[in-house]
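J.: Numbering (the working numbering), first residue to last: 96 to 219.
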């Protein structure tokens, strides 16, 4: 069964939103692409925050506390949880994981970011 990791990325406080996005797009994305075969990832998508009043409006209409939105959301797909485990196993996979985590730490605030695994069901 295909699985997807959703990573809600918040920027390190010393970075501006522009610096966060620049690093994510121009430094981190190429690293993911470089490691694609090793980690067995099938698809990787970055969704960037839009600076719009609609963020607050959407939350207010639902009674959701509004806080500064995250820098963005990364979605990463694998064919199965077994492929995820295999991709990050062994010397090459462990080195890939180390490199990704180290790089993410340069622009992401891990204490306020969130991540979780999902199974996807397309409705429309």
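The beta-carbon is built from N, C-alpha and C at its ideal position, and this holds for glycine as well.
#1: Taking the continuous alpha helix (DSSP H) assigned at residue 128, which residues delimit it?
#2: Let me know the secondary structure DSSP gives residue 211 once reduced to three states.
#3: Look at residue 103 and residue 208 and say whether their C-beta atoms are less than 8 Å apart.
#4: Just reading off the alpha helix (DSSP H) that residue 199 is part of, what are its end residues?
#5: Opposite residue 140 in the DSSP bridges: which residues?
#6: Give the straight-line distance between the Cα atoms of residue 178 and residue 194, rounded to the nearest whole angstrom.
#7: Among 196, 211, 97, which has the Cα closest to the Cα of residue 138?
#8: Going by DSSP, what residues sit across from residue 203 in a beta bridge?
#9: If you follow the alpha helix (DSSP H) that residue 112 is part of, which residue opens it and which one closes it?
T.: On the basis of the data shown:
#1: Segment 124–129, the alpha helix (DSSP H) holding residue 128.
#2: In the three-state reduction of the DSSP assignment, residue 211 falls in the strand class, which pools E and B.
#3: The criterion of a C-beta distance shorter than 8 Å is satisfied by residue 103 and residue 208.
#4: Segment 185–199, the alpha helix (DSSP H) holding residue 199.
#5: In the DSSP output, where bridge partners are listed per residue, residue 140 has 170.
#6: The straight-line gap from Cα to Cα measures roughly 19 Å.
#7: Nearest to residue 138 by C-alpha distance, out of 196, 211, 97, is 97.
#8: Beta-bridge pairing links residue 203 to 106.
#9: Residues 112–118.
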